[in-house]
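So the sequence shown is residues 6 to 112, counted in this note's numbering. Beta carbons are placed, not taken as given, at the ideal position from N, Cα and C, and that holds for glycine. Given the structure is predicted, the values throughout are model-derived calculations rather than measurements. Down below is the structure, laid out as structure tokens.
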Amino acid sequence: MDERPSIVDAKSRIGDWEGDTVIGKGRKNAFVTMVERKTLYTIVHRIESKHAQITADALIKCMTPYKDKVITVTLDNGKEFAYHEHIAQKLKRMCISLTHIHHGRGA
């Protein structure tokens with residue numbers, strides 16, 4: 006999917022999340038972050054690498070306790086999010102994989 010629904014862009018409801026990865030100084034640490042777009046509530050989970058399986062497992066682990074508060078998950082098309090369909094299946098929510106996010110992260 007190349008575009009998220011307009012209601013997600015409007016940030017008018019709670020439950021639309023955006024995921025990203027952050028690499029630490031010297032590429033020694035990596036984190037997956039999930040930001041709820043309306044409230045900006047943020048979850049950060051340390052990962053061993055940006056490998057797609059590791060990233061997907063970490064994202065599922067950190068979001069499972071919140072899955073009743075998830076409507077959509079938006080991820081960019083980086084290699085680390087190649088398993089976005091697996092994430093959507095495990096969370097039982099819509100997972101939107103964008104080819105690009107205008108102006109960087111939307112949250």
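The Cβ-Cβ distance between His91 and Ile52 does not fall below 9 Å. Annotation for Glu41: the continuous beta strand (DSSP E) segment containing it runs Ala35 to Glu41. If you ignore the 5 residues before and after Arg98, its C-beta comes within less than 8 Å of the C-beta of Lys72, Val75, Ile76, Thr77 and Val78, all in its own chain and listed in chain order. One thing to note: Asp25 has its Cβ within 9 Å of the Cβ of Val40. A Cβ-Cβ separation of about 4 Å places Glu85 in contact with Thr60 under the 8 Å criterion. In the DSSP assignment, Thr47 falls within the beta strand (DSSP E) that extends over Thr47 to Ile52. The Cβ-Cβ distance between Val37 and His50 falls below 9 Å. Take the alpha-carbon of Asn34 and the one of Tyr46: they are about 22 Å apart.
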